Ligand code: PGA
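Numbering (my numbering), first residue to last: 198 to 467.
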């Protein structure tokens with residue numbers, strides 16, 4: 198089994214003005230210095246307006262943190278008022294883009310087709326997706342979790358458009374498994390059951406497309422209290438954190454606890 202360095206994504210959603218971003222980054226810089234042994238991949242998904250400030254901070258501080266956007270449009274350029282292209286995100290210093298978050302699907306009508314076109318478009322610029330998938334509570338209670346996830350994955354990878362292949366390898370992709378009912382609710386699924394879902398996701402992508410095996414993160418009400426239970430499961434390669442990432446202290450505590458649980462698990466298994 199491949200051992201991945203754990204990955205922690207802060208999804209700030211629609212939070213933080215430039216001043217608030219500066220305050221956050223200043224605190225994050227201090228917290229990072231206190232964790233010199235940190236070997237995790239840390240990703241900050243900032244709103245568009247804060248991306249260049251975060252990029253400038255990362256450049257100046259040399260912090261080993263990657264930058265992600267929370268959305269993108271799939272066209273290269275043109276008359277699309279209010280939209281942002283993959284090339285613009287690339288130029289600003291993004292490495293990742295969150296695609297298909299359930300809030301975008303639910304509140305902004307983003308379809309599986311849009312998700313596929315966005316993944317294709319960012320791939321052409323060398324950006325990597327953090328592809329979000331997840332089932333509703335109703336679907337879960339009806340025993341349809343895997344059917345729903347498999348359908349979302351297949352459509353995001355263009356299975357219904359076989360003549361329109363995805364560019365590049367999928368081994369650097371991140372899939373975020375986020376049960377919709379767990380997002381922002383304080384409720385989480387059982388960690389060992391979640392690990393089984395992660396194995397199926399990774400196995401499905403690996404076998405179906407033969408372009409590598411992506412990492413699979415868990416997302417939904419991750420906190421300092423529950424991070425260790427998730428990170429001691431080998432198929433959970435990291436977490437996508439919303440609410441708890443808005444406090445740098447809390448986010449970096451989650452990283453510290455999560456990385457510790459992950460390392461202890463590796464030692465136990467060796
Ligand atoms: P949450 O959000 O941690 O606040 O539940 C997670 C997400 O939506 O990515």
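Glycine included, C-beta positions come from ideal geometry on N, C-alpha and C.
These figures come from a predicted structure and were not determined experimentally.
For residue 322, I'd like the list of residues in its chain whose CB is within less than 8 Å of its CB, leaving aside the five on either flank, ordered along the chain. The beta carbon of residue 322 is closer than 8 Å to those of 283, 284, 286 and 287 in its chain, skipping five residues each way along the sequence.
Compute the Euclidean distance between the alpha carbons of residue 258 and residue 225, then round it to the nearest angstrom. 11 Å
What three-state label does DSSP hand residue 374 in the structure shown? strand
So, under 8 Å CB-CB, residue 265 and residue 301 are touching, yes? Tell me the CB distance rounded to an integer number of Å. So it is not a contact: roughly 14 Å between Cβ atoms.
Return the chain-ordered ranges of every beta strand (DSSP E) run that is complete within the region 362-427 and spans a minimum of 3 residues. 371-374 and 412-416
Should the region 345-361 be regarded as contacting the region 418-429, the criterion being three or more beta carbon pairs within less than 8 Å? no
Does the region 429-441 come close enough to the region 390-403 to have 3 or more Cβ pairs within less than 8 Å? Under the three-pair Cβ rule at 8 Å, the region 429-441 counts as touching the region 390-403.
Using the Cα positions of residue 372 and residue 349, report the straight-line distance between them to the nearest angstrom. 11 Å
Any chance the region 269-280 sits against the region 300-320, with 3 or more Cβ pairs inside 8 Å? yes
For the putative contact between residue 239 and residue 205, defined by C-beta atoms under 8 Å, what is the C-beta separation to the nearest angstrom? 5 Å
Element boundaries [alpha helix (DSSP H), containing residue 205]: Per DSSP, residue 205 belongs to no alpha helix (DSSP H); it is in the beta strand (DSSP E), 204-208.
With DSSP as the reference, identify every bridge partner of residue 326, one or two as the case may be. In the DSSP output, where bridge partners are listed per residue, residue 326 has 294.
Go ahead and label residue 464 buried or exposed: buried means 16 or more other beta carbons lie within 10 angstroms of its beta carbon, across all protein chains shown. exposed
With 16 other CB atoms within 10 Å as the buried threshold, where does residue 415 fall? buried
Taking only runs of the alpha helix (DSSP H) that begin and end inside the region 229-264, which ones reach a length of at least 4 residues, in chain order? Complete alpha helix (DSSP H) runs here, min 4: 245-258.
Which value, in whole angstroms, describes the spacing of the CA atoms of residue 207 and residue 446? 12 Å
Roughly how many angstroms separate the alpha carbons of residue 398 and residue 428, rounded to a whole number? Whole-angstrom Cα-Cα distance: 17 Å.
Does the distance from the C-beta atom of residue 330 to that of residue 346 stay below 8 Å? yes
Do residue 320 and residue 307 have their C-beta atoms closer together than 8 Å? no
What is the DSSP secondary structure of residue 339, reduced to helix, strand or coil? The answer is coil: DSSP assigns residue 339 none of H, G, I, E or B.
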